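One structure below.
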Amino acid sequence: EVSHEAKDEL
Amino acid sequence: MNIFRLAGDMSHLFSILLLLLKIHTIKSCAGVSLKTQELYALVFATRYLDIFTGYISLYNTLMKMFFLWSSFTIVWYMRYHNVVRRSYDKDQDTFRHYFLILPCFILALLVHEKFTFLEVLWTFSLYLEAVAILPQLVLLQRTRNVDNLTGHYVFFLGAYRSFYILNWIYRYFTEQNYYKWITWISGLVQTALYADFFYYYVKSWRNSERLQLPA
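The listed protein sequences derive, respectively, from chains X and D. Numbering (our numbering) for the first sequence: 1 to 10. Numbering (our numbering) for the second sequence: 11 to 225.
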């Protein structure tokens, strides 16, 4: 899963 | 991506499509708050700046472009389209939404994850989105009989963040050290503001009567 940092949510 | 987040994004997309349908087909924006639409345009403009700096997925980019395009299009329709703008009840949509923008910006300057330009704007957009629905809810209380499309629009807009809360719970339990206090608290506040609307919306649906919010 994407790390905590990246803003993968809209 | 999990089912809750997908449901949330689809609910959000659907709410905007409902509003675009209403405005584009019957050329009416009766019962819709221009102030809420302006706040949402500002939310997306300050949150989706990262489509220029990074790439996460095609889905992510396409959705952000749609949200940006649709929010500004709706504001344009309600301000300048000479048929649509006539159905905008300006004298009822009086919530001073500018009083929401400054406190959210100041709060973002004080409470954020990193003090960088993009991060502060991103945090600002979260705080602003939490309260952006207020002018619309106030307008619904004033316009006695709410038309179905507007009611459904607000319902799915509220439902999207509720699904996101389920998504955050799911990710908290399935991913290592996944936490986003600022996002979570903003999302809870945002959803809490809909509680009263949800109650009357479900009640009107079950009694199959028109949606009416108490003044």
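C-beta atoms are modelled at their ideal positions from N, C-alpha and C, and glycine is treated no differently. Just so you know, these numbers come straight off a predicted model, no measurement behind them.
Just how far apart, CA to CA, sit residue i and residue j?
{"i": "residue 186 of chain D", "j": "residue 8 of chain X", "result": "15 Å"}
{"i": "residue 93 of chain D", "j": "residue 157 of chain D", "result": "18 Å"}
{"i": "residue 101 of chain D", "j": "residue 169 of chain D", "result": "28 Å"}
{"i": "residue 16 of chain D", "j": "residue 104 of chain D", "result": "34 Å"}
{"i": "residue 36 of chain D", "j": "residue 62 of chain D", "result": "35 Å"}
{"i": "residue 89 of chain D", "j": "residue 54 of chain D", "result": "18 Å"}
{"i": "residue 3 of chain X", "j": "residue 193 of chain D", "result": "Residue confidence for residue 3 of chain X is low, a pLDDT of 43 falling below 50, so the modelled location carries little weight; the figure read from the coordinates is stated next. Those two C-alpha atoms are separated by around 16 Å."}
{"i": "residue 136 of chain D", "j": "residue 162 of chain D", "result": "23 Å"}
{"i": "residue 18 of chain D", "j": "residue 11 of chain D", "result": "11 Å"}
{"i": "residue 38 of chain D", "j": "residue 84 of chain D", "result": "11 Å"}
{"i": "residue 223 of chain D", "j": "residue 122 of chain D", "result": "35 Å"}
Is DSSP giving residue i helix, strand or coil here?
{"i": "residue 102 of chain D", "result": "coil"}
{"i": "residue 168 of chain D", "result": "helix"}
{"i": "residue 71 of chain D", "result": "helix"}
{"i": "residue 80 of chain D", "result": "helix"}
{"i": "residue 223 of chain D", "result": "coil"}
{"i": "residue 8 of chain X", "result": "coil"}
{"i": "residue 199 of chain D", "result": "helix"}
{"i": "residue 218 of chain D", "result": "coil"}
{"i": "residue 66 of chain D", "result": "coil"}
{"i": "residue 88 of chain D", "result": "helix"}
{"i": "residue 190 of chain D", "result": "coil"}
{"i": "residue 156 of chain D", "result": "coil"}
For residue i, go through chain X and note every residue whose CB falls closer than 7 Å to its CB, in chain order.
{"i": "residue 60 of chain D", "result": "7"}
{"i": "residue 15 of chain D", "result": "9"}
{"i": "residue 73 of chain D", "result": "10"}
{"i": "residue 19 of chain D", "result": "10"}
Chain X partners of residue i, CB-CB under 8 Å?
{"i": "residue 132 of chain D", "result": "7"}
{"i": "residue 70 of chain D", "result": "8 and 10"}
So is residue i buried or exposed if we call it buried at 16+ other beta carbons inside 10 Å?
{"i": "residue 106 of chain D", "result": "exposed"}
{"i": "residue 127 of chain D", "result": "exposed"}
{"i": "residue 139 of chain D", "result": "buried"}
{"i": "residue 34 of chain D", "result": "exposed"}
{"i": "residue 132 of chain D", "result": "buried"}
{"i": "residue 220 of chain D", "result": "exposed"}
Checklist entry - Which runs of the alpha helix (DSSP H) spanning at least 4 residues fall entirely within the stretch 18 to 64 of chain D, listed in chain order? => result 44 to 57
Next on the checklist: For a minimum of 4 consecutive residues, which ranges assigned as the alpha helix (DSSP H) are wholly contained in the stretch 92 to 154 of chain D?
Outcome noted: 108 to 120, 127 to 141 and 144 to 152
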